[in-house]
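Chemist:
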Amino acid sequence: MALTLYGSSYSRSLRVLWMLKELDLPFEHIPLEWQECGKNADYLAINPTGTIPTLVDDGFVLAESLAINLHLARRYGRLWPAAEQDQALCWQWSLWAVASMEASYIQWADHTLWLAPEARDPAQAAAATEALQRPLARLEQALKGQPWLLGHDFSVADLNVAGCINGLRRFDLTAYPTMADWLNRCLDRPAYRAATQLP
Ligand SMILES: N[C@@H](CCC(=O)N[C@@H](CS)C(=O)NCC(=O)O)C(=O)O
């Protein structure tokens with residue numbers, strides 16, 4: 001088994017680094033930066049899309065951070081539920097995170113945290129804050145009465161959703177206490193902390 005992960009932790013690659021740390025498998029990490037990946041000819045030969053992350057697993061090349069995590073969970077048998085319907089819920093939550101939350105999250109983070117202060121637009125931050133209310137309410141509802149999205153066990157569903165919105169620890173989550181507690185428990189995991197220490 002040989003695993004190589006391309007992508008710096010200062011990017012969506014952090015989600016996969018987190019998963020790799022949860023799996024506790026040896027892997028080679030090539031911390032390519034997002035500013036460079038689209039221009040690097042060697043990397044474009046591996047992933048013509050020119051985005052990070054990319055995983056190479058025994059010669060098999062796979063892109064898309066959440067697809068990589070689903071593949072890793074299933075192949076290496078960790079954070080992957082046994083029941084077929086629970087596996088389907090892992091796909092559901094992963095696709096939901098990207099389709100229903102990630103764009104608004106990025107807009108909010110851009111105009112609150114990431115862009116230089118002079119480039120931030122308060123109107124865009126406010127619009128993103130508004131757009132996040134519905135998916136946040138969905139998570140609050142889903143987590144009522146159970147610690148993790150699938151019930152009793154932390155799974156790739158939690159990792160993929162939390163990995164898409166990790167910066168929301170700095171969002172006003174007062175109205176979503178159950179979701180806020182879940183996000184803190186996800187991001188307090190040793191594997192997440194270890195991943196954030198990587199380049
Ligand atoms: N949906 C993809 C998005 C990948 C993506 O856009 N990654 C960014 C870094 S976070 C990137 O590579 N940007 C460089 C570019 O678009 O040229 C995933 O989740 O892996």
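In terms of full-length UniProt numbering, the sequence shown is residues 1 to 199. Just so you know, even glycine gets a beta-carbon here, dropped at the ideal spot from N, CA and C.
Go ahead and label residue 69 buried or exposed: buried means 16 or more other beta carbons lie within 10 angstroms of its beta carbon, across all protein chains shown.
Modeler: buried
Chemist: Going by beta-carbon coordinates alone, are residue 20 and residue 5 separated by less than 8 Å?
Modeler: yes
Chemist: Thinking just about the alpha-carbon of each residue, which of 112, 77, 195 is nearest to the one in residue 122?
Modeler: 112
Chemist: Quick one: using the 10 Å Cβ neighbour count with 16 as the cut-off for buried, is residue 47 buried or exposed?
Modeler: buried
Chemist: From 13, 138, 163, 22, pick the residue whose C-alpha is nearest to that of residue 62; which is it?
Modeler: 13
Chemist: Less than 6 Å between C-beta atoms, sequence neighbours within five positions excluded: which residues of the same chain meet that for residue 120?
Modeler: 111
Chemist: Do residue 18 and residue 195 have their beta-carbon atoms positioned less than 8 Å apart in this structure?
Modeler: Contact: yes.
Chemist: For ligand 1, I want to know if residue 37 counts as a neighbour, meaning its beta carbon is within less than 7 Å of at least one of the ligand's heavy atoms.
Modeler: yes
Chemist: Provide the residue span of the alpha helix (DSSP H) that contains residue 192, from first to last.
Modeler: 190-196
Chemist: May I have the straight-line CA-CA distance separating residue 172 from residue 59, to the nearest angstrom?
Modeler: In this model, residue 172 and residue 59 are separated by some 43 Å (Cα to Cα).
Chemist: Here's the rule I'm using: 16 or more other beta-carbon atoms within 10 Å means buried, otherwise exposed. How should residue 54 be labelled?
Modeler: buried
Chemist: Is residue 6 helix, strand or coil when you go by DSSP?
Modeler: strand
Chemist: By Cβ distance, which residues of its chain are closer than 8 Å to residue 11, with the 5 residues on each side in sequence left out?
Modeler: Beyond the five residues adjoining it in sequence on each side, residue 11 comes within less than 8 Å, by CB distance, of 33, 34, 52, 53 in the same chain, given in chain order.
Chemist: Starting from the Cα of residue 27, find the closest Cα among 39, 100, 2 and give me that residue.
Modeler: 2
Chemist: Just reading off the alpha helix (DSSP H) that residue 71 is part of, what are its end residues?
Modeler: 65-76
Chemist: Could you check whether the stretch 174-192 touches the stretch 97-116, counting it as contact only if at least three pairs of C-beta atoms, one from each stretch, sit closer than 8 Å?
Modeler: No: the two stretches stay apart, fewer than three of their Cβ pairs being nearer than 8 Å.
Chemist: Closest by CA to residue 97, which one among 42, 117, 138, 25?
Modeler: 138
Chemist: Just grab the DSSP bridge partners of residue 57 for me.
Modeler: The partner list for residue 57 (beta bridge, DSSP) reads 3, 60.
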